[in-house]
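Structure first, commentary second.
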Amino acid sequence: MARVCVVTGKKPMVGNNVSHANNRTKRRFLPNLQYRRFWVESENRWIRLRLSTAALRTIDKNGIDAVLVELRANGVAV
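The opening residue of the sequence shown carries number 40 in our numbering; numbering runs sequentially from there.
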């Protein structure tokens, strides 16, 4: 599925543009996704992930190894 964060599962949301006259038209709120490459020391290789910026903060906090263990436990092929 496109535009989905691998770590957090963030996806596009649907909402409305609301004008001054209170006219509403449908719009999509897209997650702030970035491609990032991480060096995994335990596997001696690079891993490329499509992440939201919130997931980048999670990796900074917990480390890439802990995040990969959790992803693989949830059945994501990484």
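We put the CB at the ideal spot given by N, CA and C, even for glycine. Predicted model only: the values in this text are computed from it and were never measured.
Pick out the complete alpha helix (DSSP H) segments inside the stretch 73 to 117, 4 residues or longer, and give them in chain order. 92 to 101 and 103 to 112
Under the three-state DSSP convention, the category residue 61 falls into: As a working note, residue 61 is residue 22 in the sequence shown. Correct three-state label for residue 61: coil.
Thinking C-alpha only, which one of 67, 42, 46 and 47 is nearest residue 54? What you label residue 54 is simply residue 15 of the sequence shown in a count that begins at 1. It is 67.
Suppose you measure from the CA of residue 23 to the CA of residue 51; what does that come to, to the nearest Å? An answer regarding residue 23 cannot be provided, because it is not within the stretch 40 to 117 covered by the chain.
Given residue 88 as reference, the closest of 75, 81 and 99 once Cα atoms are compared: Translated into positions along the sequence shown, residue 88 becomes position 49. For residue 88, the nearest C-alpha among the options comes from 75.
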